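What follows is one structure encoded as C-alpha coordinates, with my remarks underneath.
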Amino acid sequence: MKTKEIRDLSPEELTKKIDGWEEELFNLRFQAKMGQLANPLQLRHVRRDIARAKTIMNEKAEPRGVSEKK
6 MKTKEIRDLS PEELTKKIDG WEEELFNLRF QAKMGQLANP LQLRHVRRDI
56 ARAKTIMNEK AEPRGVSEKK
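Here it is in C-alpha coordinates:
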(Lines of atoms letter the chains of each structure in order from A and count residues from 1; the text may use other names and numbers.)
(Lines give C-alpha, C1' and ligand atoms only; values in the text may rest on other atoms or scores of the structure.)
Protein backbone atom coordinates (compact mmCIF):
# COMPACT_ATOMS: atom_id res chain seq x y z
CA MET A 1 0.00 0.00 0.00
CA LYS A 2 1.30 3.43 -0.85
CA THR A 3 1.99 6.08 1.76
CA LYS A 4 -0.62 8.46 0.32
CA GLU A 5 -3.30 5.77 0.60
CA ILE A 6 -2.31 5.11 4.21
CA ARG A 7 -2.44 8.83 5.07
CA ASP A 8 -6.00 9.04 3.74
CA LEU A 9 -7.25 6.41 6.21
CA SER A 10 -8.89 7.31 9.51
CA PRO A 11 -7.17 6.23 12.75
CA GLU A 12 -9.72 3.41 13.24
CA GLU A 13 -9.19 2.11 9.71
CA LEU A 14 -5.43 2.38 10.19
CA THR A 15 -5.61 0.28 13.35
CA LYS A 16 -7.65 -2.38 11.54
CA LYS A 17 -5.17 -2.41 8.65
CA ILE A 18 -2.22 -2.81 11.02
CA ASP A 19 -3.95 -5.69 12.81
CA GLY A 20 -4.62 -7.38 9.48
CA TRP A 21 -1.03 -6.92 8.33
CA GLU A 22 0.34 -8.28 11.60
CA GLU A 23 -1.83 -11.38 11.23
CA GLU A 24 -0.68 -11.75 7.62
CA LEU A 25 2.95 -11.37 8.74
CA PHE A 26 2.46 -14.11 11.33
CA ASN A 27 1.05 -16.44 8.66
CA LEU A 28 3.86 -15.61 6.23
CA ARG A 29 6.49 -16.31 8.88
CA PHE A 30 4.83 -19.62 9.64
CA GLN A 31 4.81 -20.53 5.95
CA ALA A 32 8.48 -19.54 5.67
CA LYS A 33 9.43 -21.84 8.55
CA MET A 34 7.50 -24.69 6.97
CA GLY A 35 9.17 -24.05 3.61
CA GLN A 36 5.89 -23.26 1.86
CA LEU A 37 6.39 -19.54 1.22
CA ALA A 38 6.16 -18.88 -2.52
CA ASN A 39 7.50 -15.32 -2.48
CA PRO A 40 9.87 -14.38 0.36
CA LEU A 41 9.64 -10.69 -0.58
CA GLN A 42 6.09 -10.66 0.79
CA LEU A 43 7.58 -10.66 4.30
CA ARG A 44 9.52 -7.49 3.57
CA HIS A 45 6.55 -5.72 1.97
CA VAL A 46 4.19 -6.51 4.83
CA ARG A 47 6.78 -5.49 7.44
CA ARG A 48 7.33 -2.18 5.68
CA ASP A 49 3.59 -1.53 5.33
CA ILE A 50 3.23 -2.03 9.09
CA ALA A 51 6.12 0.35 9.77
CA ARG A 52 4.70 2.98 7.40
CA ALA A 53 1.27 2.78 9.00
CA LYS A 54 2.63 3.00 12.56
CA THR A 55 4.78 5.99 11.63
CA ILE A 56 1.80 7.80 10.14
CA MET A 57 -0.33 6.94 13.19
CA ASN A 58 2.30 8.49 15.45
CA GLU A 59 2.48 11.59 13.26
CA LYS A 60 -1.29 12.02 13.43
CA ALA A 61 -1.56 11.23 17.14
CA GLU A 62 0.37 14.09 18.63
CA PRO A 63 2.42 16.68 16.81
CA ARG A 64 5.73 17.05 18.54
CA GLY A 65 7.45 20.37 18.48
CA VAL A 66 10.24 22.09 20.24
CA SER A 67 9.58 22.21 23.95
CA GLU A 68 9.03 25.64 25.41
CA LYS A 69 11.65 27.03 27.74
CA LYS A 70 10.43 28.53 30.97
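In terms of the numbering used here, the sequence shown is numbered consecutively and its last residue is 75. Note that CB positions come from ideal geometry on N, CA and C, so glycine has one too. In this text the structure is predicted, and so the values were computed from the model without any measurement.
DSSP state of N44 mapped onto helix, strand, coil: Position 39 of the sequence shown, counted from the start, is the residue given in the question as residue 44. Annotated three-state conformation of N44 is coil, per DSSP.
Alpha carbon of I55 to alpha carbon of W26, nearest angstrom: Mapped onto the sequence shown, residue 55 falls at position 50. Mapped onto the sequence shown, residue 26 falls at position 21. The alpha-carbon of I55 is positioned some 7 Å away from that of W26.
Taking the beta carbon of E58 as the centre, do at least 16 other beta carbons fall within 10 Å, making it buried, or is it exposed? Counted from its first residue, the sequence shown places residue 58 at position 53. Strictly speaking, residue 58 in this sequence is Ala, with Glu absent from that position. So A58 ends up on the buried side.
Whole-Å CB distance - R34 paired with L46, under 8 Å assumed: Locating residue 34 in the sequence shown gives position 29, where the first residue counts as 1. Locating residue 46 in the sequence shown gives position 41, where the first residue counts as 1. Contact flag wrong, Cβ pair sits at about 14 Å.
Rounded straight-line distance, which links the Cα of M6 to that of R69: Along the sequence shown, read from residue 1 onward, the residue named residue 69 stands at position 64. Along the sequence shown, read from residue 1 onward, the residue named residue 6 stands at position 1. So the alpha carbons of these two residues sit roughly 26 Å apart.
Using C-beta distances below 8 Å, list every residue in its chain close to E29, excluding the 5 sequence neighbours before and after it, in chain order. Taking the sequence shown and counting its residues from 1, one reaches residue 29 at position 24. Cβ within range, chain order: V51.
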